[in-house]
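Those letters in the sequence shown? Residues 1 to 87, per full-length UniProt numbering, in order.
Glycine included, each C-beta is placed from N, C-alpha and C at the ideal position.
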Amino acid sequence: MIKATQLATKDIVNLKDGAKLGPVKDLHIDLETGRVVALVLQAPRRYFGLVRSGKDMVIPWELVKKFGIDTVLVDLEPMDRSYYEVK
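If you want it as structure tokens, here you go:
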């Protein structure tokens, strides 16, 4: 089991290309079942680390593959990342 506060400190890494995707900003939870359905990743910082650019990314829970000590591995197709961005 992992706490949400612990999850926020882990790097989210894509298995397909090794890219670091950003920190966990939020969780989507199904209120009827009480289960996590997605991770929301924070948009990366740009402009000297002050301003966020881009959009947050929502990763469906079924694409989360492994929790490690410092990382969470997800299985995203590199070309499909924009599909997961919050519209």
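In the displayed model, Pro23 falls within coil according to three-state DSSP, outside both helix and strand. When C-alpha distances from Val40 are compared across Phe67, Asp17 and Ala4, the shortest belongs to Ala4.
Beta bridge pairing from DSSP links Lys66 with Leu73. The alpha-carbon separation between Pro78 and Leu21 amounts to approximately 11 Å. In this structure, the alpha-carbon of Leu76 lies about 16 Å from that of Gln42. CA-CA distance, Ala19 to His28, rounds to 23 Å.
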